[in-house]
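Undergrad: Okay, here's the structure, questions in a sec.
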Amino acid sequence: MLLMDIAKVIRSKNAGPRCTTLDIMFASMQDYETVVNAKQVTESRIAQLYDLPVEQVKIINYPVAMALKIVLPRKITAGDPGDRDVYGAQQHARLFRIEI
């Protein structure tokens with residue numbers, strides 16, 4: 001099963017001009033726990049997908065909200081020359097095909 005098949009919402013957005021957050025939300029606690037227990041959404045996996053050092057990736061579990069939040073540094077500050085996604089809204093698609 002792919003992450004995009006079990007998550008209700010997968011999205012990205014700016015968290016200030018220098019960070020992007022990736023949010024993964026689930027419709028049920030069972031779905032949330034399935035993904036967490038599968039241990040496929042890890043700092044090392046995200047670092048690989050986004051070409052970052054693993055120590056720059058932070059994953060925050062929110063079981064009460066049945067969600068995962070991933071915080072990444074932006075390689076280019078939002079709005080600087082060369083920035084192709086000023087809102088950080090198009091960065092989540094790399095998560096879709098993570099195998100759970």
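Numbering (full-length UniProt numbering), first residue to last: 1 to 100. From the three backbone atoms N, C-alpha and C, an ideal C-beta is built for every residue, glycine too.
(1) Among L22, E55 and A78, which has the Cα closest to the Cα of S12?
(2) Distance, Cα to Cα, A47 vs P73?
(3) Should M66 be labelled buried (16 or more other beta-carbon atoms within 10 Å of its own) or exposed?
(4) Residues bridged to N61 by DSSP?
(5) Helix, strand or coil for T77 per DSSP?
TA: Quick answer:
(1) Indexing the sequence shown from 1 puts residue 12 at position 12. Measuring from the Cα of S12, the nearest candidate turns out to be L22.
(2) Working through the sequence shown from its first residue, we reach residue 47 at position 47. Working through the sequence shown from its first residue, we reach residue 73 at position 73. If you take the alpha carbons of A47 and P73, they lie about 11 Å apart.
(3) In the sequence shown, residue 66 corresponds to position 66, counting from 1. Result: buried.
(4) Stepping through the sequence shown from its first residue, residue 61 is reached at position 61. Answer by DSSP bridge pairing, in chain order: L68.
(5) The count along the sequence shown starts at 1 and reaches residue 77 at position 77. Coil.
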